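In what follows, a structure is listed as structure tokens, so that the remarks can point back to it.
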Amino acid sequence: MPLEGNAAALHQEALGFARAGESERALAQLSLLRAHFPERPQYYYDYIAILGWEERDAEVLQHADRLELEQLPPYVLETIGKSARNLKRYDFAVQAYQAAVQRAPLRLQSRLGLALALSESQRGEEALAVIRDHSAVDDAETLELLEAEAYVNISLKHYFAALARYEKILQLAPDHLNGQRGRILMTYRLGAPHLASSMAKKHPGLLTADEVSAINRDVAAISIRWGRLPTFSSDAEQLQKQRVTEAIDYLKRRLVELSEAGQGESIQYQRVAFDLMVALQALQRMPEVIELYQQLVAQAATFSRHALIAAADAYLMVEEPEMARDLYLEVLSLGKQTVAVQLSLFYAYIECEEYDNAIELIDRLNREQPEWKRLEDSARSVQNPDKVPVEITAAYVRAYIDQLAEAQSRLEPLNRQAPANLDIRASLGYIYLWRGWPRRALEEFEIGGFQDPDHLDAAIGRVHARHALNEFPLVEQNIEALNRRYPESLRLKNINRLWQLHNMRELRIDFSRGLSSGIQEGSRDLTLNSYLFGRPLQSHYRPYLHHLHAQARFPEGTSIYRRIGAGIEYRGRDLELRSELARNLGGAADIGLNSEGVWMIDDYWSLSANLDSYSNDVPLRGRAQGIDGWGSGVGVSYRFHELRRIDTSLRWLEFSDNNRRQSAGVSLDQRLITKIDYKLNGILSLNTSKNSRSGAPYFNPESDVTIQLGLINEWLLKRHYHYAYRHRLALTVGQYQQKNYGAKQIWTVRYEHQWNFNDRTELRYAISRGQRAYDGVTEFREQFDLSLRWRF
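Its first residue numbered 1027, the sequence shown is counted upward by one per residue in the numbering used here.
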């Protein structure tokens, strides 16, 4: 076919090929026309346009680089601009579109292209000016302008402005798909994934699968964050838990979907798993957090910061502090030194017994925290919310290392400065409790309860203080109420365990075996004293059985004393009583009643008294002669605090051989050195006695005085939560002065091990050697002691 007369037809045919998708035929035909008619640029322009339609962007720009942009028609310039945008040559795209706008100022597509190119080259404000400079001729143009303006606002991160444009689009065209889609995505971007998810469900198919997945993941994440916020009503708390539980269910389903799709080790799978770890931690499902963490470790996952924190928190709560410590350190190594993570690391150090590290960390953190913080982008300052919690902890750590007096001296000024701060008040209450002042502690906890009944630390403190005061019905009520209020809180673990232990049976066994070089107290002696307590009855009462076996060898033979009894113990506010009926095993029954009690007047003073109609204090040598007796006594104690106490006592023992023994004593126990792994106590005691009968068939001085000075060294060798191993070395020296026999030096060396295997079982055993004097004769004694305390 001759080209000259058919060029126009061939041109139209080529365009038809392009519209039908036969781009290669179209390009070949246009190339032929270009070669024969170089003076007709229309063929070349359409050739470039079709290359653009086919997204052969590099070829478009190769041609464009040989052309003068100012000479090209707008539609070619738009093609060049689009290809330049696709290849991220934004400056060239801007040049092409600007040339198009100059050629056709009213052409909308050129103006929109210029706006988009400007936006993509980080010139968003110029892009908005270009869009606003165009006057729409109809609703269709208005919709396109609004879409472009929304696009530019998104690039500027002006999401509210973008949402407003999409809302205008939907006002003009309610079924506009891009408007609906944009509104959903902007709602999501503005931090309302729950609303975005609800909107997406009403318009299925608008969003891609990845977009839906991202929204649902953020729904879960927001639910998790809500679950970690404090609540002010039980309804709000239940709603929080419901949302977090729904998030957990969604995240678990998503993990299954990804696994079934062969993406079980993908980055996306790991991100969902990280969110699931945080959600599980929010509901304190710590074993599940650890299981998921270990699974991801096996996949060599690169953990997010929040996932590492969740894993660390979980390990700390399940009493694996070494793992928690290492994970917190890993979090801090990522760069962001948040106060919360450093406080968590502090507690991990404490549980690992790395006290030097803990103190160094919290003291440094306390120094670094200013009283006031300046708000970002503002000259205004506000009180630093981290300062008080850090300062409380810096004081509280002294209690962990047994420096309770220092902790008290730090917290009391804080409490005076901020009496409405319940965290300070509760912390001070615990210090009072640990110093042995439960009434004073309860007062602080109750003030906190009046101000905020939901303050958990104060509520838990009230339980501990009331238990120390034997207010057991209230303890039970408080624990039940807290478990209803916080059914899944691990912070209630200790008081729940406290109440379990309280309601257990208890076995107490004390055994001793001695060898003496003399005869006054027996050359070989053995004592076994045991109590078996039943479970508490009506909160305050505990029934018990008592067995005593004592024997010793004397020149005239072996004396054996065996007794069994049953009694009841009462423990109530300010008062503890115990009463027991007992009888001999073998021979005459000799039933006796033993009653004793202690009245705790306040946190310092206490009075004690006892009366035993068949006293176990009668010497075994006298019992071998058929002698028994009854005894009574009173005592007064003043306990300053955990470091010092004074005890005084008066006792009477009426023997059946008409002898009356009266004795009195006073002792001072003073802590001299207190460290976390070592303690030294000093003991000073003075005791005196007198007897009314002389020539008794047992050691019975007319009168005597004993003064002793002792040191007790205690080393803590190992501790892990309730497990602990200690040993003690006690050295006692003194003087014993007996009427008519002068004064003699006395001394004792005692070495003891104490094992606390858990919170139910304690075992102690000790060996000792000492020197005593009887009627002027010095005797040496070796003794082995063993005691067991077991709750079951």
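Backbone N, C-alpha and C fix where the C-beta goes; we use that ideal spot for every residue, glycine too.
If you're wondering where the values come from, they're calculated on a predicted model, not measured in any experiment.
Helix, strand or coil, according to DSSP, for residue i in the structure here?
{"i": "Y1116", "result": "helix"}
{"i": "R1133", "result": "coil"}
{"i": "R1279", "result": "helix"}
{"i": "A1052", "result": "helix"}
{"i": "A1033", "result": "helix"}
{"i": "V1163", "result": "coil"}
{"i": "A1799", "result": "strand"}
{"i": "G1548", "result": "coil"}
{"i": "P1099", "result": "coil"}
{"i": "G1042", "result": "helix"}
{"i": "F1329", "result": "coil"}
{"i": "D1683", "result": "coil"}
{"i": "T1804", "result": "strand"}
{"i": "R1351", "result": "helix"}
{"i": "G1760", "result": "strand"}
{"i": "D1638", "result": "strand"}
{"i": "R1254", "result": "With a pLDDT of 45 at R1254, under the threshold of 50, the predicted position of this residue should be treated as unreliable, and no value is reported."}
{"i": "I1074", "result": "helix"}
{"i": "P1513", "result": "coil"}
{"i": "I1241", "result": "helix"}
{"i": "S1259", "result": "A caution first: S1259 carries a pLDDT of 45, below 50, which makes its placement in the model too unreliable to give a value."}
{"i": "N1520", "result": "helix"}
{"i": "T1105", "result": "helix"}
{"i": "L1232", "result": "coil"}
{"i": "W1463", "result": "coil"}
{"i": "S1632", "result": "strand"}
Tell me, which residues are paired with residue i by DSSP?
{"i": "H1490", "result": "Answer by DSSP bridge pairing: none, since H1490 is not bridged."}
{"i": "T1714", "result": "A1690, V1731"}
{"i": "I1709", "result": "D1695, G1736"}
{"i": "A1744", "result": "The amino acid at residue 1744 is misidentified as Ala; the sequence shows Lys. DSSP, once it has assigned bridges, lists Y1751 as partnering K1744."}
{"i": "E1788", "result": "N1782, R1815"}
{"i": "N1555", "result": "D1536, L1574"}
{"i": "L1322", "result": "DSSP output for L1322 lists no bridge partner at all."}
{"i": "Y1567", "result": "L1563, Y1596"}
{"i": "L1603", "result": "Y1596, G1623"}
{"i": "D1673", "result": "S1663, S1693"}
{"i": "Q1809", "result": "G1540, S1794"}
{"i": "N1610", "result": "R1589"}
{"i": "Y1704", "result": "W1741"}
{"i": "F1580", "result": "G1583"}
{"i": "W1678", "result": "S1658, Q1688"}
Between which two residues does the beta strand (DSSP E) carrying residue i extend?
{"i": "F1666", "result": "1655-1667"}
{"i": "R1589", "result": "1583-1598"}
{"i": "G1618", "result": "1618-1626"}
{"i": "G1768", "result": "1768-1782"}
Taking the alpha-carbon positions, what's the residue i to residue j distance?
{"i": "H1573", "j": "S1605", "result": "14 Å"}
{"i": "A1273", "j": "E1514", "result": "17 Å"}
{"i": "Y1373", "j": "A1792", "result": "35 Å"}
{"i": "D1628", "j": "Y1456", "result": "17 Å"}
{"i": "P1727", "j": "N1717", "result": "7 Å"}
{"i": "Q1577", "j": "I1586", "result": "4 Å"}
{"i": "E1380", "j": "I1335", "result": "20 Å"}
{"i": "E1680", "j": "I1521", "result": "46 Å"}
{"i": "M1225", "j": "A1235", "result": "15 Å"}
{"i": "L1454", "j": "I1385", "result": "19 Å"}
By the DSSP assignment, the alpha helix (DSSP H) with residue i in it spans what residues?
{"i": "Q1307", "result": "1293-1308"}
{"i": "F1198", "result": "One point to set straight first is that residue 1198 is Leu, not Phe, in the sequence displayed. Run containing L1198: 1185-1198, per the alpha helix (DSSP H) assignment."}
{"i": "D1201", "result": "Careful: D1201 lies outside any alpha helix (DSSP H) and carries neither H nor E."}
{"i": "S1223", "result": "1219-1228"}
{"i": "A1153", "result": "1150-1158"}
{"i": "V1367", "result": "1365-1377"}
{"i": "A1287", "result": "That residue, A1287, is in no alpha helix (DSSP H); it is neither H nor E in DSSP."}
{"i": "E1085", "result": "1083-1090"}
{"i": "G1648", "result": "1646-1649"}
Flag residue i as yes if its beta-carbon sits less than 9 Å from any beta-carbon of chain D, otherwise no.
{"i": "P1569", "result": "Judged by its chain identifiers, the structure shown contains no chain D, having just a single protein chain."}
Going by the C-beta, is residue i closer than 8 Å to any heavy atom of the ligand NAD?
{"i": "S1239", "result": "As far as ligands go, the structure on display features none, and thus does not contain the ligand NAD."}
Which runs of the alpha helix (DSSP H) fall wholly inside the segment 1379-1433 and span at least 4 residues, in chain order? Taken in chain order, the complete alpha helix (DSSP H) segments of 4 residues or longer contained in the segment 1379-1433 are 1381-1394, 1413-1426.
Let me know the beta strand (DSSP E) ranges lying completely inside the segment 1466-1510, each 3 residues or longer, listed in chain order. No beta strand (DSSP E) of 3 residues or more sits fully in the segment 1466-1510.
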